[in-house]
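What follows is a set of notes on a single structure, which appears directly below.
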């Protein structure tokens, strides 16, 4: 799967429509791109800006659309305080001027040789789906208005009378293997979208807002890894450690292996269990608790296996703030994997945000996006929009503030001075 365009309006910090294309014209091969006919699609896209400029929000457009496409939503969730709360499908923009307007989101993507366009409209403060359309190779597969479904391919009277749930996308119902096949009659095969099932496994989200997987906080990521490990076969467990241990050893030479073991029986009521989660070192007389590891090592344990899996099978990684825990050179090394054709043989994509301006060196000017918040609305520009040449010193131009996306540190210092 390769994403070629995203668009959203009235979504969290996005008020007016924001559209970002990851395609450029040209048949000549370029490093960091994959050729699709007479176009090139970027395999690495970076998002830059000051704090609270909207980097996470734009990355979460991809997160949210993918989640809506494949995940059936619950009506309620049980909050930590034990109170039932109505679920929100997509976070709305809270600006008064757009309070009555729907959240509208779109994504264009390619699977195999097929081009898809998926769009969705969400109302009632992000709690209900009102419209939904899927196109394949410019032909409409289905459309939805409130609960009514219109299929382009005429199936039969039963297929035409399907009622779409208000909380979930119709696409997620079709793709759900547990759906009642006596009603849907393997509908995804009949309307020709079986290959969309790979969306469920070909995404890795490392973000902090409503992520499909565990959140950006790498403590949650550690738990996600441990649960996945404990629920796997012995063979799979060995594969996971054989992938992780050599990389962790690079970070810490005396690191030997993770130790993850279940302790006692699972609670029959809530299925919870306790477990040991430690790191074994060659020169330590006892294992080190997982929370005692460095933040960078914890981040590595949390996510590197998922990143490598996407590189292996081809898919999409959305990584918010790759600069958060890694040394700058390590951050660049991880991002560079997606530009290396010998490693990224299946054209995996990465969309990342960073505060490290050194990562500009990895990108063409069309692959670097500058975010700013103007009048309470997020805007996205490409470095190439500013007339900057590929041979120019982009890092210096960015640091000088000539293309935006940097904080006003002079004003910040003045405020601190006044407070002191």
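Numbering (the numbering used here), first residue to last: 639 to 1058. Glycine is no exception: its CB is placed at the ideal position from the N, C-alpha and C atoms.
N-terminal and C-terminal residue of the alpha helix (DSSP H) that residue i is part of
i            : result
residue 646  : It is not in any alpha helix (DSSP H) - residue 646 instead sits in the beta strand (DSSP E) that spans 640-647.
residue 707  : 693-708
residue 866  : 856-868
residue 968  : 966-974
residue 767  : Element bounds for residue 767: not the alpha helix (DSSP H) but the beta strand (DSSP E), 766-774.
residue 894  : Careful: residue 894 lies outside any alpha helix (DSSP H), inside the beta strand (DSSP E) at 893-901.
residue 808  : 808-813
residue 1046 : No alpha helix (DSSP H) contains residue 1046, which DSSP labels as neither H nor E.
residue 838  : Per DSSP, residue 838 belongs to no alpha helix (DSSP H) and is neither H nor E.
residue 825  : 825-828
Whether residue i touches residue j by CB criterion (9 Å)
i            : j            : result
residue 860  : residue 939  : yes
residue 749  : residue 954  : no
residue 707  : residue 837  : yes
residue 1042 : residue 1019 : yes
residue 647  : residue 741  : yes
residue 692  : residue 1011 : yes
residue 1009 : residue 649  : no
residue 933  : residue 856  : yes
residue 744  : residue 755  : yes
residue 779  : residue 977  : no
residue 682  : residue 1035 : no
residue 963  : residue 936  : yes
residue 1017 : residue 991  : no
residue 644  : residue 726  : no
residue 806  : residue 758  : no
residue 696  : residue 841  : no
C-alpha gap between residue i and residue j, whole angstroms
i            : j            : result
residue 881  : residue 873  : 12 Å
residue 730  : residue 661  : 28 Å
residue 700  : residue 1025 : 28 Å
residue 948  : residue 879  : 17 Å
residue 967  : residue 1057 : 36 Å
residue 802  : residue 765  : 14 Å
residue 1061 : residue 813  : This structure cannot speak to residue 1061, because the chain is shown only from 639 to 1058.
residue 944  : residue 844  : 10 Å
residue 994  : residue 788  : 47 Å
residue 828  : residue 652  : 37 Å
residue 809  : residue 918  : 45 Å
residue 975  : residue 738  : 44 Å
residue 851  : residue 972  : Here the model assigns residue 851 a pLDDT of 39, short of 50, so the residue's position is not dependable and the matter cannot be decided.
residue 925  : residue 965  : 25 Å
residue 848  : residue 790  : Caution applies to residue 848, whose pLDDT of 41 falls short of 50 and renders its modelled position unreliable; the model cannot decide the point.
residue 785  : residue 952  : 35 Å
Neighbour flag for residue i against chain E, beta carbons, 9 Å
i           : result
residue 785 : As a matter of chain content, chain E is missing from the structure shown, which is built from one protein chain.
Residue i classed as buried or exposed, judged by whether at least 16 other C-beta atoms fall within 10 angstroms
i            : result
residue 877  : exposed
residue 854  : Because residue 854 carries a pLDDT of 45, less than 50, the predicted location of this residue cannot be relied on, and the following value inherits that uncertainty. Per the 10 Å Cβ criterion, buried.
residue 896  : buried
residue 1053 : exposed
residue 901  : exposed
residue 1050 : exposed
residue 770  : buried
residue 1039 : exposed
residue 694  : buried
residue 981  : exposed
residue 1029 : exposed
residue 732  : exposed
residue 796  : Low confidence applies here, because residue 796 scores a pLDDT of 49, under 50, leaving its location unreliable; read the following figure in that light. By the 10 Å Cβ count, residue 796 comes out exposed.
residue 618  : Past the edges of the chain, shown from 639 to 1058, lies residue 618, and the structure says nothing about it.
residue 767  : buried
residue 680  : buried
residue 922  : exposed
residue 914  : exposed
residue 775  : exposed
residue 689  : exposed
residue 746  : buried
residue 687  : buried
Cross-strand partners of residue i (DSSP beta bridge)
i            : result
residue 875  : None; residue 875 has no bridge partner.
residue 752  : 749
residue 663  : 677
residue 987  : 954
residue 743  : 646, 758
residue 1028 : Residue 1028 pairs with nothing; no bridge assigned.
residue 923  : BP columns for residue 923 are empty, so no partner.
residue 917  : 896, 926
residue 671  : 680
residue 730  : 649
residue 656  : 646
Residue span of the beta strand (DSSP E) that contains residue i, given as start and end
i            : result
residue 783  : 777-783
residue 941  : From DSSP, residue 941 is part of no beta strand (DSSP E) but of the alpha helix (DSSP H) over 933-951.
residue 1015 : 1015-1020
residue 841  : 841-844
residue 789  : 786-789
residue 1010 : 1006-1012
residue 682  : 682-686
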